[in-house]
Amino acid sequence: MFRCPLRDNEGQQRGSLPLRYWIGWFGLLFTISAEFSISFWSAALLRERTDLNAAFSTTLVLAFPLGMAIGRLFGTSVAPKIGIDRRLQIVLSMQALGFTLFWLSGQPLFSFVALLIAGLGTSVQFPLTSLRLLNFGGDKPDLAMGKSGFAAGIAIGGAPLLLGFLADHFGIVQAFLIVPVAIALAFTIVTFVPIRKEA
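Written as structure tokens, this is what we have:
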């Protein structure tokens, strides 16, 4: 496992961050975009696919945060010797699998299981991508994490809004295709811009 330098600097850290950091920054933006798109709009997709009423659809999509809770409870202790980038690729693949099954599903129970899988895959993406940014930030960990907040804010506010806009014009089923696009972009960034020090 790499060691992240955490220096106790006096005052606010300033200066520039390397290009690798900013590429990783977009990786964080894409992972959070996928997470909040699923969180905000999965009930609408479930209603479209299964003809369930709003109340039941909203109840079933609790599978997603349930999966995230389980993943965050146990995820850090699973395969701790696997490198950060490799673990992130695994959970992104799990999220993609769960989402694909959910997007294709027309059965409520199958949709519940698919969202549970997607939630498990989503659960540890934020801490793993944050560790990548800390590594890319080098001796400026505070600055690196501070800048990451902009990615989170843009993704949380922008991705659900974009999905809603697309749903108004093309339908919720087609609009949800931005999720696998975001996952694929995040996976590509992790693959081609790895951290440099891993066990």
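Heads up, the numbering used here is the position in the sequence shown plus 140, with the first residue counted as 1. Think of the CB as a built atom: it goes at the ideal place given N, C-alpha and C, for glycine as much as any other residue.
#1: Counting C-beta neighbours from all protein chains within 10 Å, is the total for Gly289 16 or more, i.e. buried, or is it exposed?
#2: Could you give the distance in angstroms between the alpha-carbon of Ala284 and the alpha-carbon of Ser263?
#3: In terms of alpha-carbon separation, which member of Gly277, Ser217, Ala299 lies closest to Leu159?
#4: Using C-beta distances below 8 Å, list every residue in its chain close to Leu206, excluding the 5 sequence neighbours before and after it, in chain order.
#5: What are the boundary residues of the alpha helix (DSSP H) that includes Ala291?
#6: Under 8 Å Cβ to Cβ from Val330, same chain only, skipping five residues before and after it: list those, please.
#7: Just confirm the distance between the C-beta atoms of Ile318 and Leu303, as a whole number of angstroms; I'd bet it's less than 8 Å.
#8: Less than 9 Å separating the beta-carbons of Gly261 and Gly211?
#9: In angstroms with no decimal places, state the Cα-to-Cα distance between Ser217 and His309.
#10: Please list the terminal residues of the continuous alpha helix (DSSP H) segment that includes Ser182.
#11: In the DSSP assignment, the alpha helix (DSSP H) including Thr262 goes from what residue to what residue?
This is what the structure holds:
#1: Exposed: under 16 other Cβ atoms inside 10 Å.
#2: Cα-Cα distance, rounded: 22 Å.
#3: Leu159 has its Cα closest to that of Gly277, out of Gly277, Ser217, Ala299.
#4: Excluding five sequence positions before and after Leu206, the CB atoms of its chain that fall closer than 8 Å to its own CB belong to Leu256, Gly259, given in chain order.
#5: Counting along the chain, the alpha helix (DSSP H) containing Ala291 begins and ends at 281–310.
#6: Leaving aside the five residues that flank Val330 on each side, the residues in its chain whose CB is nearer than 8 Å to its CB run, in chain order, Gly167, Asp225, Leu228, Gln229, Leu232, Arg272.
#7: Correct: roughly 6 Å between the Cβ atoms.
#8: Yes.
#9: Roughly 43 Å between the two C-alpha positions.
#10: Where Ser182 is concerned, the enclosing alpha helix (DSSP H) stretches over 159–190.
#11: DSSP places Thr262 inside the alpha helix (DSSP H), whose first and last residues are 248–262.
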